[in-house]
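Chemist: Numbering (our numbering), first residue to last: 56 to 575. Even glycine gets a Cβ: it sits at the ideal position worked out from N, Cα and C. Every value quoted in this text rests on a predicted model; they were computed, and no experiment measured them. If you scroll down you'll find the structure; I have some questions about it.
Put into structure tokens, the structure is as follows:
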């Protein structure tokens with residue numbers, strides 16, 4: 056509904072009026088109201104505004120009055136309401152004739168009219184008319200129904216696109232995903248330096264920004280834009296949109312908890328309902344999980360206090376890195392939080408590139424989460440759903456063992472995991488005797504000189520005898536590594552002879568580092 060001059064007159068907003076011109080133009084729409092009491096008022100005339108004035112800036116200046124009429128006509132103003140017998144006693148005939156030619160309404164009020172009260176009354180009528188065109192209850196019900204069915208900011212933005220004169224942009228502060236109702240607001244958000252301030256006017260557009268918090272955590276940024284003249288409407292929309300965003304976050308948290316419980320029960324073998332690949336695929340559809348075999352499992356050990364403080368942000372960033380490294384869609388992986396461990400289950404689309412991808416992913420995560428990352432373990436490709444629980448258990452035990460024995464390696468492959476599990480079943484005394492018999496010169500040198508030769512030798516072989524790569528892995532200077540390698544060779548190990556078999560030494564190094572380093 057839009058308010059007109061005729062509506063205002065019929066509702067007795069004015070008292071004791073006289074219409075001098077434009078009687079057939081009372082259907083003009085009134086979008087705003089202005090009081091004119093400054094000489095340069097015509098510079099600030101808004102379209103479809105109703106002007107209230109005593110004509111103090113003009114008084115008896117007829118030429119100035121004629122110029123004002125032209126400006127009002129050009130701006131399609133709704134009309135001119137003049138309080139007479141204050142500064143002028145009547146409207147000059149030449150003005151009335153001009154207004155009739157322009158078909159522009161001029162109405163006069165008696166001396167006792169209160170322009171301030173009249174201003175408030177007209178504004179109230181205009182706002183009521185504008186509010187009546189916005190059915191907020193219906194909007195709330197529609198949005199609520201949509202969000203409960205599909206809790207996502209993308210769905211919310213899609214539903215908001217039908218609202219006229221309102222542009223909305225929502226930013227997920229965990230993964231920085233942005234959804235907007237128009238390219239216009241997206242461009243302003245990206246390019247304008249003040250667009251993210253809490254309250255800003257840009258090119259007659261009012262922009263309001265607000266960070267939405269939940270449980271003390273910044274979860275979303277909301278940006279709403281509307282024509283400045285519609286500013287009184289925007290706050291109602293903002294409150295409704297904020298409620299919907301909070302509901303979306305709550306529903307996502309609820310779904311995440313359900314999904315996490317399902318995955319935990321599955322990987323820890325607490326349920327036997329999902330033994331075949333097809334059963335897992337069907338169960339995954341409940342959570343929009345598009346799992347296809349083979350898959351890979353990777354478990355990351357993070358510092359517990361960092362997980363508690365930044366859990367949503369860390370999980371979102373890990374998901375982003377896995378998607379990029381493995382070239383998959385978000386629907387093709389799932390993350391499970393297990394105390395300070397994060398288990399990644401992801402589709403494996405490029406098995407031949409698997410090891411390279413895992414090393415790249417490890418390096419990226421280690422760099423990205425320097426303060427939180429401890430180490431990671433990953434499996435060989437898993438082809439059967441029934442193998443997932445045992446693979447998970449193997450990764451979990453290996454990370455715990457690595458933590459307990461303070462192993463320096465930050466990336467452990469499933470081959471190491473399986474080898475450790477085999478070795479754990481053997482006679483530990485025999486293993487210790489074997490390792491000591493092979494590594495005795497190095498062990499004795501380490502004790503007397505406090506130089507980590509065993510760890511150096513192990514990583515040098517791991518890096519396929521690449522000295523520069525090994526130095527980087529050990530966080531030491533290349534020259535320091537060369538010195539250690541020379542010492543190792545002086546202890547009787549042909550370390551620079553790459554044609555020599557190093558299997559026995561590597562096996563002994565592995566046993567020593569994984570089982571007995573802590574004891575020694």
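With a 10 Å radius around its C-beta and 16 neighbouring C-beta atoms as the bar for buried, classify residue 97 as buried or exposed.
Modeler: buried
Chemist: Whole-angstrom Cβ separation of residue 357 and residue 398, contact assumed at under 8 angstroms?
Modeler: That pair is no contact at about 12 angstroms.
Chemist: Could you compute how far the alpha carbon of residue 137 sits from the alpha carbon of residue 105?
Modeler: Straight-line Cα distance between these residues: approximately 11 angstroms.
Chemist: Report yes if the CB atom of residue 162 is closer than 7 angstroms to the CB atom of residue 218, and no otherwise.
Modeler: no
Chemist: For residue 274, count neighbouring C-beta atoms within 10 Å of its own C-beta (all shown protein chains included) and say buried if the count is 16 or more, exposed if not.
Modeler: Residue environment analysis places residue 274 among the buried positions, since at least 16 neighbouring C-beta atoms fall within 10 angstroms of its C-beta.
Chemist: Can you tell which of 401, 420, 407 has the C-alpha that lies nearest to the C-alpha of residue 376?
Modeler: 420
Chemist: Which ranges does the alpha helix (DSSP H) cover as unbroken runs of at least 4 residues, wholly within the segment 419-482, from first to last along the chain?
Modeler: 443-459, 469-479
Chemist: Would you kindly check if the distance between the Cβ of residue 132 and the Cβ of residue 76 is under 7 angstroms?
Modeler: no
Chemist: Give the DSSP-derived three-state secondary structure of residue 339 in the structure shown.
Modeler: Assignment of residue 339 by DSSP, reduced to helix, strand and coil, places it in the helix class.
Chemist: Using alpha carbons as the reference points, say which of 222, 100, 304 lies closest to residue 270.
Modeler: 304
Chemist: Just the Cα atoms here: how many angstroms apart are residue 228 and residue 277?
Modeler: 10 angstroms
Chemist: Would you call the CB atoms of residue 220 and residue 260 closer than 7 angstroms?
Modeler: no
Chemist: Spatial neighbours of residue 550 within its chain, please: C-beta separation below 6 angstroms, excluding the five flanking residues on both sides.
Modeler: 540, 543, 544
Chemist: Should residue 390 be labelled buried (16 or more other beta-carbon atoms within 10 Å of its own) or exposed?
Modeler: buried
Chemist: Can you tell me whether DSSP reads residue 287 as helix, strand or coil?
Modeler: helix
Chemist: How many whole angstroms separate the CB atoms of residue 493 and residue 437, which I take to be in contact at a CB cut-off of 8 angstroms?
Modeler: About 34 angstroms separates the two Cβ atoms, so there is no contact after all.
Chemist: Suppose contacts are defined by Cβ-Cβ distances below 7 angstroms. Is residue 432 in contact with residue 450 by that definition?
Modeler: yes
Chemist: Consult DSSP for residue 163 and reduce its assignment to one of helix, strand or coil.
Modeler: strand
Chemist: Leaving aside the five residues before and after residue 237 along the sequence, list all residues of the same chain whose C-beta is less than 7 angstroms from its C-beta, in chain order.
Modeler: 222
Chemist: Using the beta-carbon count (16 or more within 10 Å), is residue 406 buried or exposed?
Modeler: exposed
Chemist: Under a three-way DSSP split, which group does residue 406 fall into?
Modeler: helix
Chemist: Report the CB separation of residue 101 from residue 130 in whole angstroms; it is logged as a contact under 8 angstroms.
Modeler: 7 angstroms
Chemist: Can you give me the Cβ contacts of residue 423 inside the same chain, cut-off strictly under 7 angstroms, excluding the 5 residues immediately before and after it?
Modeler: Non-local C-beta neighbours of residue 423 in its own chain, meaning closer than 7 angstroms and more than five positions away in sequence, comprise 372, 376, ordered along the chain.
Chemist: Using the Cα positions of residue 516 and residue 435, report the straight-line distance between them to the nearest angstrom.
Modeler: If I take the Cα positions, the gap works out to 21 angstroms.
Chemist: What residues in its chain sit with their C-beta under 8 angstroms from that of residue 66, if we drop five residues either side in the sequence?
Modeler: Hits under 8 angstroms: 180.
Chemist: Go ahead and label residue 514 buried or exposed: buried means 16 or more other beta carbons lie within 10 angstroms of its beta carbon, across all protein chains shown.
Modeler: buried
Chemist: Helix, strand or coil, according to DSSP, for residue 259 in the structure here?
Modeler: coil
Chemist: Taking DSSP as the reference, what is the three-state secondary structure of residue 540?
Modeler: helix
Chemist: Go through its chain and collect everything with a Cβ distance to residue 574's Cβ below 7 angstroms, but skip five positions before and after it.
Modeler: Interpretation of residue 574 is limited by its pLDDT of 46, a score under 50 that renders its predicted location unreliable; the figure taken from the coordinates is listed afterwards. Correct list: empty, nothing qualifies.
Chemist: Identify every residue that forms a DSSP beta bridge with residue 227.
Modeler: 275
Chemist: Among the residues of its own chain, which have a CB less than 6 angstroms from the CB of residue 183, if the five just before and after it don't count?
Modeler: So no residue of the chain qualifies.
Chemist: State the DSSP-derived secondary structure class of residue 73, mapped to helix, strand or coil.
Modeler: strand
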